[in-house]
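Okay, so here's the structure we're looking at.
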Amino acid sequence: MLRKGLLLISILCLASCTVRTNLGGYVKSQAQTEARSQSVEVYGANEIFSYNTRFLGQVESDFCQNERFAELPSKSQLQRTLKAKAQKLGGNGIVYGQCKTGRFYTGCDKYMSCEGSVYFIEF
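Note that this note's numbering numbers the sequence shown so that position 47 is 50, with each residue one more than the last.
Listed below in structure tokens is the structure:
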């Protein structure tokens with residue numbers, strides 16, 4: 004009985020050592036996106052021109068869903084990714100453009116795309 008118990012404990016210990024997951028990478032990526040997006044402010048299309056700005060470029064974020072009954076991410080999730088990309092370009096301001104959704108687009112069952120214009124604002 005004792006041998007069986009030790010064998011079971013040994014197998015469980017070995018099994019727990021060999022399980023690998025990408026959860027750590029996912030959590031790290033989400034944390035970086037959240038941290039980067041915090042330093043970028045959102046402005047309206049007319050409002051941005053009341054500041055001393057320099058245009059840095061366009062950013063786009065998209066999502067392809069191939070599972071028929073799965074949900075698309077929220078618009079705010081894609082916009083948070085846009086803010087993180089804006090920060091990577093050196094921007095501290097963004098003007099959101101349009102978000103588009105569609106079905107059966109470029110190999111996706113469902114598709115969503117958002118865009119934005121990135122600015123550096125001097126205060």
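The beta carbon of each residue, even a glycine, is placed where N, CA and C say it ideally should be. If you're wondering where the values come from, they're calculated on a predicted model, not measured in any experiment.
Give the secondary structure of Ser42 by DSSP, where H, G and I count as helix, E and B as strand, and everything else as coil. The count along the sequence shown starts at 1 and reaches residue 42 at position 39. In this structure, Ser42 counts as coil in the three-state DSSP scheme.
Given a cut-off of 8 Å, decide if Cys102 and Lys86 are closer than it, judged by their beta-carbon atoms. In the sequence shown, counting from the first residue as 1, residue 86 sits at position 83. In the sequence shown, counting from the first residue as 1, residue 102 sits at position 99. Contact flag unset, no.
Starting from Asp65, follow its DSSP beta bridges and name the residues at the other end. Locating residue 65 in the sequence shown gives position 62, counting from the first residue. For Asp65, which the question treats as bridged, DSSP gives the partners Ser116.
Consult DSSP for Glu125 and reduce its assignment to one of helix, strand or coil. Position 122 of the sequence shown, counted from the first residue, corresponds to residue 125. Under the three-state reduction of DSSP output, Glu125 falls in the strand class.
Starting from Thr104, trace the alpha helix (DSSP H) in both directions and tell me its first and last residue. The residue you call residue 104 lines up with position 101 of the sequence shown. Careful: Thr104 lies outside any alpha helix (DSSP H), inside the beta strand (DSSP E) at 96–108.
My guess is that Val98 and Ile51 are in contact by the Cβ rule of under 8 Å, so how many angstroms apart are they, rounded? Counting from 1 along the sequence shown, the entry for residue 98 is found at position 95. Counting from 1 along the sequence shown, the entry for residue 51 is found at position 48. About 5 Å; that satisfies the 8 Å criterion.
For the alpha helix (DSSP H) containing Leu81, name the first residue and the last one. Residue mapping note: residue 81 aligns to position 78 of the sequence shown, counting from 1. 78–91 is the span of the alpha helix (DSSP H), which, as asked, contains Leu81.
Counting C-beta neighbours from all protein chains within 10 Å, is the total for Arg83 16 or more, i.e. buried, or is it exposed? Position 80 of the sequence shown, counted from the first residue, corresponds to residue 83. Using a 10 angstroms sphere on the CB of Arg83, the tally of other CB atoms reaches 16 or more, which defines it as buried.
Between the CA atoms of Phe107 and Lys91 - distance to the nearest angstrom: Translated into positions along the sequence shown, residue 91 becomes position 88. Translated into positions along the sequence shown, residue 107 becomes position 104. Their backbone Cα atoms lie some 31 Å apart in a straight line.
Span separating the alpha-carbon of Leu59 from that of Ser42: In the sequence shown, the residue the question calls residue 59 occupies position 56. In the sequence shown, the residue the question calls residue 42 occupies position 39. So the alpha carbons of these two residues sit roughly 16 Å apart.
Proximity of Glu125 and Asn55 at Cβ, strictly below 8 Å: The count along the sequence shown starts at 1 and reaches residue 125 at position 122. The count along the sequence shown starts at 1 and reaches residue 55 at position 52. Cβ atoms of Glu125 and Asn55: closer than 8 Å.
Per-residue DSSP class, three states only, for Phe52: Here residue 52 is taken as the residue at index 49 of the sequence shown, counted from 1. Three-state DSSP puts Phe52 in a helix.
Looking at the structure shown, is Arg57 part of a helix, part of a strand, or coil, going by DSSP? The sequence position of residue 57 within the sequence shown is 54, counting from 1. DSSP places Arg57 in strand when its eight states are reduced to three.
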